[in-house]
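Residue numbers (my numbering): 2 to 273.
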């Protein structure tokens with residue numbers, strides 16, 4: 002009798018597991034199709050879900066959708082009004098005859114305008130800087146000349162060498178009355194966020210914010226693999242830097258990795 006009961010229990014468990022897997026797969030397949038993404042992406046996720054029982058569903062739920070969290074989503078929506086006003090004003094700051102753009106520039110203008118609403122603008126000067134030390138020295142020089150604002154955003158902020166000089170320049174700027182803000186990624190700048198330099202910056206009036214905080218429990222509700230990889234410096238709203246350079250000194254950063262010094266480039270932009 003006990004053997005028969007155990008047999009039926011095993012069968013019931015197997016049937017329940019099979020039905021659960023079937024409903025999960027069908028439900029996720031419908032969800033993937035309804036997302037209306039690129040054909041190749043949709044097909045890839047369908048293959049993963051259909052060929053890997055349970056594990057495929059687990060992978061999709063964690064990595065298949067851009068889950069940033071309800072609170073983050075509401076904060077982003079709340080900022081849209083401010084940025085929309087700024088984007089609208091750009092067209093009046095430096096108007097451009099977009100119809101006269103060259104065939105090379107027209108697609109760039111259309112792409113930027115469609116994605117983020119930023120039109121093509123003239124009267125900007127661009128300088129490509131290819132040596133890390135020159136990049137940092139140029140940023141320091143512009144921070145030292147700042148009059149109103151210094152905004153720095155990086156995926157990695159790593160203490161040591163020329164990075165310390167940037168921190169000193171920001172502190173001196175804050176002492177002059179310049180509004181200084183630093184935004185760094187929670188994972189990329191983990192050591193910095195737990196170090197002494199951030200304390201010194203905050204004690205001297207610099208606002209330092211941790212972007213996209215990550216942790217074990219957060220991973221259950223949001224995708225912690227979505228990181229803030231931007232490297233941007235904006236000074237006085239007129240000078241900007243962007244490119245691949247993190248706020249690191251290559252002489253100090255990951256010297257034990259055996260790949261030598263990192264080589265990056267940045268563009269210095271000066272505009273109206």
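Here a beta-carbon is modelled for each residue, glycine too, at the ideal position from N, C-alpha and C. No experiment lies behind these values; they were computed from the predicted model shown.
Identify whether residue i lies in helix, strand or coil by the three-state DSSP scheme.
| i | result |
| --- | --- |
| residue 35 | helix |
| residue 210 | strand |
| residue 182 | strand |
| residue 228 | coil |
| residue 158 | strand |
Does the distance from the C-beta atom of residue i to that of residue j stay below 7 angstroms?
| i | j | result |
| --- | --- | --- |
| residue 149 | residue 184 | no |
| residue 156 | residue 118 | no |
| residue 29 | residue 58 | yes |
| residue 1 | residue 231 | This structure leaves residue 1 out entirely; the chain is present only between 2 and 273. |
| residue 172 | residue 205 | yes |
| residue 136 | residue 246 | yes |
| residue 186 | residue 228 | yes |
| residue 147 | residue 50 | no |
| residue 124 | residue 273 | yes |
| residue 90 | residue 271 | no |
Tell me where the beta strand (DSSP E) around residue i begins and ends.
| i | result |
| --- | --- |
| residue 154 | 150-155 |
| residue 126 | 126-130 |
| residue 241 | 240-244 |
| residue 271 | 267-271 |
Starting from the C-beta of residue i, find all residues in its chain whose C-beta is less than 6 angstroms away, skip the five residues before and the five after it, and write them out in chain order.
| i | result |
| --- | --- |
| residue 252 | 162 |
| residue 182 | 152 and 208 |
| residue 52 | none |
| residue 128 | 269 |
| residue 85 | none |
How far does the alpha helix (DSSP H) with residue i in it extend, from its first residue to its last?
| i | result |
| --- | --- |
| residue 41 | 40-52 |
| residue 236 | Run containing residue 236: none in the alpha helix (DSSP H); it sits in the beta strand (DSSP E), 233-236. |
| residue 201 | 198-204 |
| residue 192 | 191-194 |
Please determine, among the options, the residue with the shortest C-alpha to C-alpha distance to residue i.
| i | options | result |
| --- | --- | --- |
| residue 131 | 204, 48 and 266 | 266 |
| residue 88 | 42, 120 and 110 | 120 |
| residue 142 | 174, 18, 129 and 116 | 174 |
| residue 164 | 134, 40 and 128 | 134 |
| residue 176 | 214, 201 and 234 | 201 |
| residue 61 | 203, 26 and 40 | 26 |
| residue 244 | 114, 180 and 233 | 233 |
| residue 199 | 159, 178, 54 and 114 | 159 |
| residue 65 | 75, 197, 37 and 83 | 37 |
| residue 194 | 238, 214, 106 and 43 | 214 |
By Cβ distance below 8 angstroms, which residues in the same chain neighbour residue i in space, the five residues on each side in sequence not counted?
| i | result |
| --- | --- |
| residue 255 | 263 |
Suppose the cutoff is 7 angstroms on Cβ atoms and the five residues either side in sequence are ignored; what does the same chain contact list for residue i look like?
| i | result |
| --- | --- |
| residue 47 | 30 and 33 |
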